[in-house]
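Each residue of the sequence shown is one higher than the last, beginning at 2 in the numbering used here. We put the beta carbon where it would ideally sit given N, CA and C, even for glycine. Computed from a prediction, not measured in an experiment: that's the story for all the values here. Read the structure below first, then the notes.
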Amino acid sequence: MQAQVQMQVQMQVQLVRMRLNQLMHYHHHNHHHPQYHPIATAATTTTATTTAAPVDEYSRVARLETFFDGIAKCGRRGNKAVLEVLMECCQPQEAPPESAQSSLFMSPVSTTTTAASHKKSIYVDPYELVNMGHRIGLATAFLKAAEEDDDMGMFIPPKQEGKDSDLLALAKSLQRCASSRRYNTQLMEFVSKEDVLEWSEMVAPMFASTLSTFFFSLLFPGRSAPPSRSSFDYPKIPAESTFFRTPSSPLLFSFGCMSVSLGGEFYRLYTSAADGLSFNRLQNSLLGYGGPTLIIIQSGDCIFGAFTASPWKESKDFYGNSDCFLYQAVPTMAVYRPTISNSNFMYCNSHARSKGYDQQAHGIGFGGTTDQPRLFIAETFDDCRASNRDLTFDNGSLLSATFETDHFEIDNLEVWGVGGTDVVQEALGARDRQRDIRASNIRKARKVDKAAFLDDLRSGLIESKAFAHREQIRGRDDVCIDPDDDKNYLHPNEKKSGSDW
């Protein structure tokens, strides 16, 4: 028995080495992107922008061992243990001054306890941490592409100098969370494990799953994760997008961290770049679609929008459920999830449905009220709004600080069906069925029973002058109908050509 276990362990070790060699081999053949090697960069090197001293070979090996030691902590110990492993793989940073740390804990604690916790806390550069998560996510997508004989090169990001703006937006959200915990108005330069844990719960609940998913793909290639495990599935876009320039886009990674429903394959339902700013086309793409959708809006320097898992329908009232949220993606990632105070989740009310008599907002909205939703895409696209508070979602800004009011103009708008391939296909099938029903009803409405229509005309049920002449001459002796032409009238004394009266 012991020999069998030992043999299985050796086989797993060989498998891991083979998978790593596969990654390394591909890296060597793409040496023009050495800084984007998913494993080496994530676990053994610091980012190019860090101010720390270069890491020697011993430290590289030690951090790589720490990285793979996380296998034991990626089981059922929860996100906290996984996040600690990720932080230990980052370059350690000095703790902030005591003055910045004094308000760390939300509940009152003694000075001794605060000081002790201050010494034990690990501090890291937030950009390095999110950059590591992004690269681990790419490494997992790389392994999955290798299993499916897909294009592995699409998960190698283009060469870029400096920090990526989308990853920087994700890092800023972590800094903002750390500052909020300390009641500090300025962004914290480095973050602690307590900051990271709270941030992952509020903003990026799938971030910790990147490591466990990577190890599962490494050790069990070709196998699906058990239903009890929340896996990070790097989003894939099969169509062109204004927002996602490449398949390895960090913005895709940011969306994937927000919700498990935002992983896997996306399906483009609408894009203003190809479909134009047409509310009819936008509404037609949504109505009947039976799955979760992601709305992405760009206005100026800001990218924001909404996610909902409920199908869309026309209604004068709000509907949906709590599986939805509002977000800002750029310049700073923020997620505003539902509260328990209200249930005004989503809203779709066109002018054609109400004939304009309901005195309500006409368009698509989230939160707020029917006359003033919090996030509102107007039917005319002229009076779009995004306010920072309502009773349904957490308070916070959807627009950047450069906006002086809560009104915005749409530069780009896209709607994506999300949830993975199976969910998207089922939702598209539901939309096709509803469209078929709608088309069938229109055809039935156009078919008129001509016999019944003629009877209605004759009986006077439908007001018409078509048969009025019959009533006008009924009972008159001085006029009769021409037997050869019922549209002609003859006097009894008149005689038609070729016939006698």
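According to DSSP, simplified to helix, strand and coil, what is residue 443? Here residue 443 sits in helix by DSSP.
Answer yes or no: do residue 391 and residue 375 have a C-beta to C-beta separation smaller than 8 Å? Going by C-beta atoms, residue 391 is nearer than 8 Å to residue 375.
Limits of the beta strand (DSSP E) - the one that residue 417 falls within: Counting along the chain, the beta strand (DSSP E) containing residue 417 begins and ends at 413 to 418.
Short Cβ contact (8 Å threshold) for residue 368 with residue 414: In this structure, residue 414 does not lie closer than 8 Å to residue 368 by Cβ.
Every unbroken beta strand (DSSP E) within the stretch 357 to 429, with a cutoff of 3 residues, ordered by chain: The DSSP assignment places complete beta strand (DSSP E) segments of no fewer than 3 residues inside the stretch 357 to 429 at 364 to 367, 376 to 379, 385 to 387, 413 to 418, in order along the chain.
Using three-state DSSP, classify residue 345 as helix, strand or coil. In this structure, residue 345 counts as coil in the three-state DSSP scheme.
Alpha carbon of residue 433 to alpha carbon of residue 125, nearest angstrom: In a straight line, the C-alpha of residue 433 is about 50 Å away from that of residue 125.
What's the C-alpha gap between residue 157 and residue 189? Approximately 31 Å between the Cα atoms of the pair.
Using 8 Å as the Cβ pair cut-off and three pairs as the minimum, do the stretch 382 to 399 and the stretch 418 to 425 touch? No: fewer than three Cβ pairs fall under 8 Å.
Are the CB atoms of residue 203 and residue 336 nearer to each other than 8 Å? Remark: C-beta atoms of residue 203 and residue 336 approach each other more closely than 8 Å.
I'd like to know whether the C-beta atoms of residue 418 and residue 235 end up nearer to each other than 8 Å. Residue 235 sits away from residue 418, with the two beta carbons spaced by 8 Å or more.
Which term fits residue 393, buried or exposed, when burial requires 16 or more other beta carbons within 10 angstroms of its beta carbon? Result: buried.
Which same chain residues end up closer than 6 Å to residue 379 when comparing Cβ atoms and leaving out the 5 residues on each side of it in sequence? Within the same chain, and ignoring the five residues on either side of residue 379 in sequence, the residues whose Cβ sits closer than 6 Å to its Cβ are 364, 385.
Once the 5 residues before and after residue 36 are set aside, which same chain residues still bring their CB inside 6 Å of it? Reliability of the predicted coordinates at residue 36 is poor, the pLDDT of 44 falling under 50, and the value obtained from them is presented with this limitation in mind. Contacts found: none.
Run of the beta strand (DSSP E) containing residue 504, from where it starts to where it stops: Examination of residue 504 is not possible in this model, given that the chain is present from 2 through 502 alone.
Return the CA-CA distance between residue 44 and residue 350, expressed in angstroms with no decimal places. For residue 44, the predicted structure reports a pLDDT of 46, less than 50, and the residue's modelled location is therefore unreliable. The matter cannot be settled from this model.
Would you mind giving the Cβ-Cβ distance between residue 67 and residue 90, rounded to the nearest angstrom? I have them listed as a contact below 8 Å. With a Cβ gap of about 6 Å, residue 67 and residue 90 count as contacting.
Flag this pair as yes or no: are the beta carbons of residue 330 and residue 252 separated by less than 8 Å? Result yes, Cβ atoms of residue 330 and residue 252 sit closer than 8 Å.
Counting only the same chain and skipping the five closest in sequence on each side, list residues whose C-beta sits under 8 Å from that of residue 257. Excluding positions up to five away in sequence, the list reads 138, 207, 233, 234, 235, 236, 263, 264.
CB-CB under 6 Å to residue 217, same chain, minus the five flanking residues each way: which ones, in chain order? Closer than 6 Å at Cβ, skipping near neighbours: 226.
Quick test of your reading: residue 94 and residue 289, contact by CB under 8 Å. State the CB separation rounded to the nearest angstrom. In fact, because the Cβ distance is near 52 Å, the residues do not count as touching under 8 Å.
Is the Cβ-Cβ distance between residue 306 and residue 295 less than 8 Å? Closer than 8 Å, so yes.
Given residue 243 as reference, the closest of 209, 223, 219, 274 once Cα atoms are compared: Sorting 209, 223, 219, 274 by C-alpha distance to the C-alpha of residue 243 places 274 at the top.
According to the Cβ coordinates, are residue 133 and residue 87 closer than 8 Å? In this structure, residue 133 lies near residue 87, with their beta-carbon atoms less than 8 Å apart.
Sorted by chain position, which residues of the same chain lie with C-beta nearer than 6 Å to residue 200's C-beta, five sequence neighbours on each side aside? The answer, listed in chain order, is 175, 178.
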